[in-house]
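Reviewing the structure listed below.
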Amino acid sequence: MPDRAAATPRPALDLGPILRDSRTSIVVTCGSGGVGKTTTAAAMALWAADAGRNVAVLTIDPAKRLAQSLGLRELDNDPRQVDVPLASPDGQLWAMMLDTRRTFDEMVSQHSTPERARAILTNPFYQVISSSFSGTQEYMAMEKLANLAATGQFDLIVVDTPPSRSALDFLDAPQRLSSFMDGRMIKLLATPSRGVMKIVGAGFALFSRAVTAVLGGQLLSDAAQFVQLFEDMFGGFRERAQATYELLRAPGTKFVVVSICEGDALREASYFTDRLRAEHMPLAGLVLNRTHPPLAALAAGTAQVAATKLEPTEPLTAAVLGIHAQRLAVRSAELHMRARFDRVHTDLPVVEVPALPSDAHDVPALREIAARLTGT
Amino acid sequence: MTTQTIAATEPWTTACRRARLHVITGKGGTGKTTVGAAMALALAANGRRVLLVEVEERQGIARLFDVPPLPYQEKKVAIATGGGEVRALAVDVEAALLEYFEMFYNLGIAGRSLKKMGAVEFATTLAPGLRDVLLTGKVKETVTRKGSDNRPVYDDVVLDAPPTGRVVTFLGVTEAMSGLAKRGPIHTQAEGVVRLLHSPDTIVHLVTLLEDMPVTETLEAIEQLRDKGLPVGTIIINAATQVQLPEPTLIAAAERRLDAAELTAGLQAAGLDATPELLDGLREQAAEHAIRVLDEQLCREQLAAAGLPMLELPRLVEGGDLGGVYELADRLTEQGVT
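Below you can see the structure in the form of structure tokens.
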């Protein structure tokens, strides 16, 4: 069946050579929630391991059965080797599920003395920041990536990013976190000296009272202690965040945007694409997941007419033709969505991954997806 | 084409009818915003007035109803069948907190400069629970607000709540408050929210797809909601596949064993050239369809274990737009949502 998408001249995203290339050391998948990011990351890692590379895949929140098939049972902070026979004897596959809290704890320990680290880790305010500050998970995913990359233990690290509500939080989170803790507000509330009060004025005194009334005094004094403990670590954090940012922009890194052919997901993908380009991040292209190209060459109208005609006498054939007509309708909607995306991002390489009938949750299914991803 | 069987018992129970605050949650990507909008339209039928509220600052409602981004104000976004009306509100935490401080502490012009300094982001970051208390507080205000005739301004309020992973924390106002001040106006307001959420006025609906992960998350969320004593209403299955094959042929189709002779004869009867390629392609597509349908049936059985009434919505070929919302609203009405 001639597919209109195939006729459009545009670069195809050829992931095989990228994943096999020894210069590719990091692949980052990003996209909105529910588009198959984790599965795509796992499939690419498996494919590269099958091709003989030593690969680690860092996942954030994989489906239970997918995690099990990778031998992941709990949140962990060190990659574990996946017990699966690989096509190449040189290949190795490692996997881990990010433990945000522990990654944060380790980062604190690395940048401070043992006593100080202990004081920070037990501070109630730290517990709020390390578990629920928006963007912490994104930040820690990148921190872990930098850690793993620094060990030099792996040829390739594939990272799955959290489904951020606001796209690319992982780029912004380090900045946001340090500007929050470095910010004027926290200093004012923590150490409201007289000089500062004069500048800000009486409004602040009122506000301070209101905030204290709402939040309670304990929380504020925890915050004050926390800021003092943290102060001399900021330099180290910022340096580190900057180094991670540079690592992401290095030529050995490839970003892969993942989407499905639906309005909201493509809108997000479009935003990701623009943002990555604006930041000069090495963007490989777009994986368009779960598409439905027709497998039989029969025009929609013909199938529909035949299905209607056959319904009373040949119900099975009528149903099979009905399925075909339905699939063509879905395909036509997909092509329409894709054309709208393509018009904006004319030179972005794209690869379509036709949908599997079932959710992918075992190694054979991951291999099938990898085959569809790489066209092998 | 066979039609989907709908549960014999009435899915829209007396408790659903009695409730005025419908909280819609679901895993990200299950279409909870679309379903919430459809629910609001269905509830607004026949001259009723419904408020649709979003709290995640995503402007999902505006996008769905194709209107400019919503300000922090209740705006009419749609007319329902029979002349009802849906209004929408995007709650903005910053505005809610300042409104609140304004009310109780009379900050005057200082409020604005504090906003510029990032004071509000600061306060809500320091105490994430505060955010939820403010958001649910605003929702409560809209549910309990009365007009000059002393009747509720809104017949129903539909809340597009945070996703399943966060909804229990979001609705667990009591716990959020335990970290905050023990007295004062916010505390009093939070107590009112707790009363509303645990009353027959409130009911939580969970939107899911018939796929592994959303089903697991839905079941986990139901358990957690029940543990907290929050009233759970229905499971709303979204984007279900319409079964096309006759029921007895599903397994054969999934195993690629559909009778080739029968299909060949059928195609020929329609005057089509039954080439082996055509036959293979059609059987493969039928297999994918059948596997999908059988997987979905397993998911339905798993969901049934929760013992909740279920509503079901079909996968729309071109969903996600306003026409789709109206179509889904009609489907909800057919299943008794009123």
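Chains as they are written, first to last, in our numbering: chain E, 641 to 1016; chain V, 47 to 384.
By construction, the Cβ of each residue, glycine as well, lies at the ideal position given by its N, Cα and C atoms.
Here the structure is a predicted model, which means the values were calculated and not measured.
Compute the distance between the beta-carbons of residue 965/E and residue 947/E, then report whether it is under 8 Å.
yes
Is DSSP giving residue 901/E helix, strand or coil here?
coil
Are any of the Cβ atoms in chain E nearer than 8 Å to that of residue 282/V?
no
At the level of alpha carbons, what is the spacing between residue 57/V and residue 355/V?
5 Å
Could you tell me the alpha carbon to alpha carbon distance between residue 105/V and residue 892/E, rounded to whole angstroms?
37 Å
Sort 200/V, 76/V, 340/V by Cα distance to residue 207/V and report the nearest one.
76/V
Taking 8 Å as the threshold (C-beta atoms), are residue 794/E and residue 866/E in contact?
no
Reduced DSSP category for residue 812/E - H, G, I as helix; E, B as strand; rest coil:
helix
Use the C-beta contact count for residue 802/E: other C-beta atoms within 10 angstroms, 16 or more gives buried, fewer gives exposed.
buried
Thinking C-alpha only, which one of 668/E, 876/E, 940/E, 980/E is nearest residue 967/E?
940/E
Identity of the residue in 942/E, 878/E, 706/E, 744/E nearest residue 717/E by Cα:
744/E
Return the first residue and the last residue of the alpha helix (DSSP H) that residue 330/V is part of.
322 to 350
Neighbouring residues, chain E, relative to residue 292/V (Cβ below 8 Å):
955, 956, 959
Taking the Cβ atom as the reference point for each residue, do residue 798/E and residue 684/E lie within a distance shorter than 8 Å?
yes
Cβ neighbours of residue 796/E in the same chain (closer than 8 Å, five flanking residues each side left out)
659, 664, 665, 666, 667, 685, 688, 693, 694, 695, 696
What separation, rounded to the nearest whole angstrom, lies between the Cα atoms of residue 994/E and residue 974/E?
12 Å
Local Cβ density within 10 Å of residue 284/V, reported as buried at 16 or more and exposed below that
buried
Taking residue 374/V as the reference, which of 87/V, 234/V, 64/V has the closest Cα?
87/V
Is there a Cβ of chain E sitting closer than 8 Å to that of residue 369/V, yes or no?
no
Closest Cα partner of residue 323/V within the set 934/E, 996/E, 691/E:
934/E
is_contact[residue 1003/E, chain V] using C-beta, thresh 8 Å
no
Same chain, Cβ closer than 8 Å to residue 913/E, five either side skipped, listed in chain order
897, 923, 926, 985, 988
Cβ distance (whole Å) where residue 243/V is taken to contact residue 276/V below 8 Å:
6 Å
Taking CB distances under 8 Å as the criterion, tell me whether residue 363/V reaches chain E.
yes
Going along chain V in order, which residues have a C-beta closer than 7 Å to the C-beta of residue 969/E?
363
Residue range of the alpha helix (DSSP H) that residue 133/V falls in?
No alpha helix (DSSP H) contains residue 133/V, which is instead part of the beta strand (DSSP E) from 131 to 136.
Please report the residue range of the alpha helix (DSSP H) in which residue 963/E lies.
955 to 984
Report the three-state DSSP secondary structure of residue 674/E (helix, strand or coil).
coil
List, in chain order, every chain V residue whose beta-carbon is nearer than 8 Å to that of residue 999/E.
257, 258, 259, 341
Find out if the Cβ-Cβ distance for the pair residue 360/V, residue 286/V is shorter than 8 Å.
yes
Within the chosen definition, does the stretch 235 to 253 of chain V reach the stretch 122 to 140 of chain V through at least 3 CB pairs nearer than 8 Å?
no
Could you tell me the alpha carbon to alpha carbon distance between residue 942/E and residue 722/E, rounded to whole angstroms?
49 Å
Determine the burial state of residue 778/E: buried for a count of at least 16 other Cβ atoms within 10 Å of its Cβ, exposed for fewer.
buried
With a CB to CB cut of under 7 Å and the five nearest residues on each side skipped, what residues in its chain are close to residue 740/E?
776, 777, 780
Would you report the Cα separation of residue 316/V and residue 307/V, rounded to the nearest angstrom?
14 Å
Cα-Cα, which of 344/V, 139/V, 202/V is closest to residue 999/E?
344/V
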